[in-house]
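Notes follow once the structure below has been shown.
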């Protein structure tokens, strides 16, 4: 890995240091998303408890955080939520990273192991699966096997996921191929795992690619079953 790429990754990580995934926690079953960071501001949306959002804490907002969320109609919701209505995913039990390189990341605790595998991407072998949009003087790759393409900013991917597997208290769970096949330019060094002991939920997160192609992803495995993913541009 060259020094220029390492510098790009460092700058991206520094920029995103405060932005992170969080879970909606509210005894009423939902939280109000406000237009501004005040309780008197207009409600622009509601988000159900236990949903995952991407939040942007800022000291200037006081007790509020800016959030980014895709609702059930697949529309992007932005606004503000009081910080007492969320729990940062990183506050759950951290599963230690025992090894990572460009092709693998491994996390292990007493009763759990998570292994992420990735590899260089063979574009020539897979180019028929891509769709593109042509503009006046350039063409952008924007879909892979019909799904939105993440991590390339319209260019050719350099790496991709091979598999994400977790063994939790004797139960083996594999993230479905369709859930990782459109996620490219993998940064295994920025992957992390967190476990909610009380509810038996494993969260696997990563910030991949760099610059304009950067994206954050979170996979959820609940009670030994894969539940889904959240992908967002963390800018």
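Numbering (my numbering), first residue to last: 1 to 235.
In this text, a Cβ means the ideal position worked out from N, Cα and C, and glycines have one as well.
The structure displayed is predicted, hence computed values, not measured ones.
- If you draw a straight line from the Cα of residue 216 to the Cα of residue 231, it is about 6 Å long.
- When DSSP states are grouped into helix, strand and coil, residue 118 belongs to the strand group.
- Residue environment analysis places residue 205 among the buried positions, since at least 16 neighbouring C-beta atoms fall within 10 angstroms of its C-beta.
- For residue 226 and residue 188, the gap between their C-alpha atoms comes out near 20 Å.
- One alpha carbon belongs to residue 140, the other to residue 156, and they sit about 9 Å apart.
- Taking C-beta atoms as the reference points, residue 64 and residue 80 count as a pair closer than 8 Å.
- Between residue 161 and residue 180, the C-beta spacing is below 8 Å.
- In the DSSP assignment, no residue is bridged to residue 84.
- Unbroken beta strand (DSSP E) runs of no fewer than 3 residues, entirely contained in the stretch 49-83, are found at 52-57, 64-70 and 76-82, following chain order.
- With 16 or more other Cβ atoms from the protein chains shown falling within 10 Å of its own Cβ, residue 214 counts as buried.
- Contact annotation: residue 218 and residue 52 have beta-carbon atoms nearer than 8 Å.
- Bridge partners of residue 31 according to DSSP: 47.
- Between the beta-carbon of residue 174 and that of residue 165 there is about 5 Å, and that keeps the pair under the 8 Å contact cut.
- DSSP, read as helix, strand or coil, puts residue 188 in helix.
- For residue 222, the three-state secondary structure derived from DSSP is strand.
- In the DSSP annotation of this structure, the continuous segment of the beta strand (DSSP E) that includes residue 165 starts and ends at 159-168.
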